[in-house]
Amino acid sequence: MRHSNCERQGRDGPMQAMREAFHAMRHGGPFGGPYGGRPEGGPRGRGGERRRMFESGELRLVLLKLIEEQPRHGYDLIREIETLSGGAYAPSPGVVYPTMTLLLDMGLADEQASDGPRKLLGISDAGRLHLIERADEVATAMARLTALAKVTERTDAAPVRRAMHNLRAALQDRLALDGVTRETQLEVARILDEAASKIERL
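Mapping to this note's numbering: the sequence shown position 156 is 157, numbers consecutive.
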């Protein structure tokens, strides 16, 4: 129940890193999940479910804004969004590539000559006009990435990941020994409860 109390503190507060570490330890997976190492589909909310990063149509505007800067492949778009978010979020190819096709179908982008097999997308005149007409929405979507990068910077979880790894190893080694008594189990639980209580008071 201590963990639930931690989750009730804001989604984007310093305890987010600890919650993600607990999630990783419970499920045995890599820390953070897009977005190996990052949660695809957006940051996690309560209970580990994925929260939507962009509202409907916002990803389309973000991609359009990025190809306005320079023509890009789908992989380039994914990596640039990941960079802008401070590594906390990268959309999946299953979302990016259909959105690129939609931009072409809407006449907002043009497919440009490329040296390789990847589709290179550049903005069209209609796309530039679309960005001007939706300037406020574009600014909101891009600001969301910037804000996520700042949160990520504040909650760099590398030390937490190391500590959680050590904790998991210690628990597995100690409790896997033959002849572990009920008293030992209760003492381990007491130590963990005490640590959780101290963390909640930070």
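For glycine and all other residues, C-beta sits at the position ideal for the given N, C-alpha and C.
Rounded Cβ spacing between residue i and residue j (contact assumed at less than 8 Å)
i: PRO92; j: GLY123; result: Wrong, their Cβ atoms sit about 19 Å apart, outside the cutoff.
i: LEU62; j: GLU138; result: 6 Å
i: SER115; j: LEU109; result: About 19 Å; that fails the 8 Å criterion.
i: LEU259; j: SER86; result: Any answer about residue 259 is impossible in this case: the structure gives the chain only from 2 up to 203.
i: MET107; j: LEU64; result: Not a contact, Cβ separation roughly 12 Å.
i: GLU112; j: LEU105; result: 6 Å
Opposing strand residues paired with residue i [DSSP bridges]
i: GLU112; result: LEU122
i: ARG73; result: LEU122
Buried or exposed (CB count within 10 angstroms, at least 16 for buried), residue i
i: GLU134; result: exposed
i: ALA1; result: There is no way to answer for residue 1, as the model of the chain reaches only from 2 to 203.
i: THR153; result: buried
i: ALA142; result: buried
i: GLU184; result: exposed
i: LEU193; result: exposed
i: VAL161; result: buried
i: LEU78; result: buried
i: GLU195; result: exposed
i: LEU67; result: buried
i: LEU178; result: exposed
i: GLU188; result: exposed
i: GLU81; result: buried
i: ALA144; result: exposed
Option nearest residue i by Cα separation, candidates the options
i: GLU83; options: LEU149, LEU65, GLU188; result: LEU149
i: VAL96; options: GLU81, GLY75, LEU168; result: GLY75
i: GLU70; options: ILE200, GLY128, ALA144; result: GLY128
i: ALA190; options: ARG202, ARG175, LEU203; result: ARG175
i: PRO99; options: GLY117, GLY58, SER125; result: GLY58
i: TYR90; options: ARG169, MET54, GLY117; result: MET54
i: ARG119; options: SER125, PRO94, ALA136; result: PRO94
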